[in-house]
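Same order as they appear, the protein sequences are chains A and B.
No gaps in the numbering here: position 120 of the first sequence is 506 in the numbering used here, and each next residue is one more.
No gaps in the numbering here: position 59 of the second sequence is 445 in the numbering used here, and each next residue is one more.
Here the structure comes first, spelled out in structure tokens, and everything after it is commentary.
2 protein chains.
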Amino acid sequence: MRQAGKENGLSPLQGEIVDFMVRLFRLMGLPKTIGSIYGYIYASPHPVAMDDLTQGLGISLGSASQGLRTLKVFRAIKPAYEQGGRREYFEAETNFQQFVGAFLKGELEQYIENTEKRTKRMDQQLSEISDLSDKEFFEKRVKRLSTMSERARQILPIIGEIFLSEEAAKLSDHE
Amino acid sequence: MRQAGKENGLSPLQGEIVDFMVRLFRLMGLPKTIGSIYGYIYASPHPVAMDDLTQGLGISLGSASQGLRTLKVFRAIKPAYEQGGRREYFEAETNFQQFVGAFLKGELEQYIENTEKRTKRMDQQLSEISDLSDKEFFEKRVKRLSTMSERARQILPIIGEIFLSEEAAKLSDHE
DNA sequence: CATTTATTTCATTTTTTTCTGAAGAAAGTA
DNA sequence: TACTTTCTTCAGAAAAAAATGAAATAAATG
Numbered sequence: 387m388r389q390a391g392k393e394n395g396l397s398p399l400q401g402e403i404v405d406f407m408v409r410l411f412r413l414m415g416l417p418k419t420i421g422s423i424y425g426y427i428y429a430s431p432h433p434v435a436m437d438d439l440t441q442g443l444g445i446s447l448g449s450a451s452q453g454l455r456t457l458k459v460f461r462a463i464k465p466a467y468e469q470g471g472r473r474e475y476f477e478a479e480t481n482f483q484q485f486v487g488a489f490l491k492g493e494l495e496q497y498i499e500n501t502e503k504r505t506k507r508m509d510q511q512l513s514e515i516s517d518l519s520d521k522e523f524f525e526k527r528v529k530r531l532s533t534m535s536e537r538a539r540q541i542l543p544i545i546g547e548i549f550l551s552e553e554a555a556k557l558s559d560h561e
Numbered sequence: 387m388r389q390a391g392k393e394n395g396l397s398p399l400q401g402e403i404v405d406f407m408v409r410l411f412r413l414m415g416l417p418k419t420i421g422s423i424y425g426y427i428y429a430s431p432h433p434v435a436m437d438d439l440t441q442g443l444g445i446s447l448g449s450a451s452q453g454l455r456t457l458k459v460f461r462a463i464k465p466a467y468e469q470g471g472r473r474e475y476f477e478a479e480t481n482f483q484q485f486v487g488a489f490l491k492g493e494l495e496q497y498i499e500n501t502e503k504r505t506k507r508m509d510q511q512l513s514e515i516s517d518l519s520d521k522e523f524f525e526k527r528v529k530r531l532s533t534m535s536e537r538a539r540q541i542l543p544i545i546g547e548i549f550l551s552e553e554a555a556k557l558s559d560h561e
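Pasting the structure below:
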């Protein structure tokens, strides 16, 4: 998959879209395949089955399956009710605000919780230092980390606000 | 380096701090070594030379050299004027707000610029579509991406604000 | 329930990223 | 200048992350 959609039936525009999504998803720390799958679905006028992905993107069955799962989990795609076949079809959830925001918020939340545990542990360690000038130094340092972690928690809702607020929704939800 | 600072002369608290930084830096997409170097310097009461790092963290000369360079570049450490020796010594820049913020803002800025180029290309591609219903579909899709990209640009200064404002500085700069 | 078709799982392979250390600059010293 | 010490570079090694595909499972059909 050098340039998305060269050896297969993707139009140049669709290729651009796939690349776009690969980049967007990489920004969230997700692998190329996942971005390309979402891109492919996003750029398809009709619901997409796993088969279309392996063919259209030249990726393996395994990757397609795992990628779809991940995308389902954070609601970037949704099942499409297609006539006839026994296949599962999917279409794109097009409001990035929602799922990108939720994803980032989740990640950050987890990170911050973990961080708070750590600063607590540090506070304990502090109490075991006997040397006085060492103690002062480390208190300063640890203090800063605690402050940072508190501040991060304050920022969290702002991030949520940016992505998930009513305003944000309005700005992006007028299909 | 299983648990930071086990085989070497790091106190448990210092080990915690190193781990903390490894995590913080990984959040920014930077490798473990860089985080651990910053952590080591941050957790040192005295200026640190390259030698201390290779010894104290058990990392190679190459890693230490490269890591220090990176940290210098985005101002996470600064040279310390140490008596006597011909060695270079460093100490930590302790206001994360500044350097983490600047780093993230830089990354995002670059990302957004690139994204804008892409949406422009897409707009061009759009004009070459003849089929009418296809055209409508892709216009909708591309529109959304453009909107998102515009919105990202609006958000950028807010990010800057969060990290780099006077207020943020005050909140973190009272050593 | 046997058969065909679609999906999931996961051990292995491939690709990408990060780390290492020896060679060689650079900078200081006698 | 010859020698020592410190730092940088970069080709190759090691580790980590992602992708593959074959076997197992599930789901549908006659």
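Each residue gets a CB set at the ideal place from its N, CA and C atoms; glycine is no exception.
All figures in this text were calculated on a predicted structure; none of them were measured in a lab.
Nearest chain B C-beta to residue i closer than 9 Å, yes or no?
i, result
"F485/A", "no"
"L439/A", "no"
"Y426/A", "no"
"R504/A", "yes"
"L518/A", "no"
"Y497/A", "yes"
"S446/A", "no"
"V408/A", "no"
"V404/A", "no"
"S397/A", "yes"
"P431/A", "yes"
"I423/A", "no"
"T501/A", "yes"
"R455/A", "no"
Taking only beta-carbon atoms, is residue i less than 9 Å away from chain A?
i, result
"G415/B", "yes"
"P465/B", "no"
"M436/B", "no"
"Q511/B", "yes"
"A450/B", "no"
"V528/B", "yes"
"I420/B", "no"
"L550/B", "no"
"G531/B", "For the sequence presented, residue 531/B should be read as Leu rather than Gly. Yes, L531/B lies at the interface with chain A (some Cβ there is under 9 Å from its Cβ)."
"R461/B", "no"
"F327/B", "Outside the shown range of chain B, which is 387 to 561, sits residue 327/B, and nothing can be said about it."
"E477/B", "no"
"F482/B", "yes"
"R507/B", "yes"
"F489/B", "no"
When DSSP labels each residue in this structure, what does residue i get in the three-state scheme?
i, result
"I463/A", "strand"
"E495/A", "helix"
"E477/A", "strand"
"L396/B", "coil"
"R455/B", "helix"
"Q469/B", "coil"
Flag this pair as yes or no: are the beta carbons of residue i and residue j separated by less than 9 Å?
i, j, result
"P431/B", "F476/B", "no"
"R461/A", "Q496/A", "no"
"T480/A", "I445/A", "no"
"L443/B", "I463/B", "no"
"L399/A", "L512/B", "yes"
"S459/B", "A429/B", "The sequence given here has Val at residue 459/B, not Ser. Contact: no."
"A488/B", "L550/B", "yes"
"L494/B", "I427/B", "no"
"R472/B", "F406/A", "no"
"F482/B", "R530/A", "yes"
"T456/A", "L416/A", "yes"
"A538/B", "T501/B", "yes"
"G421/B", "L439/B", "no"
"E474/A", "M436/A", "yes"
"E522/B", "M508/A", "no"
"I548/B", "I541/A", "yes"
"M414/A", "V486/A", "yes"
"V408/A", "G395/A", "no"
For residue i, is the beta carbon positioned less than 8 Å from some heavy atom of the ligand NAP?
i, result
"E522/B", "Judged by which ligands are present, the structure shown has none, so any question about the ligand NAP falls away."
(request) Would you mind listing the alpha helix (DSSP H) stretches within the region 400-449 of chain A that are 4+ residues and don't spill past its ends, in chain order? (result) 418-428, 436-443
(request) Scan the region 487-549 of chain B and note each continuous beta strand (DSSP E) run of 3 residues or more that stays entirely inside, going in chain order. (result) none
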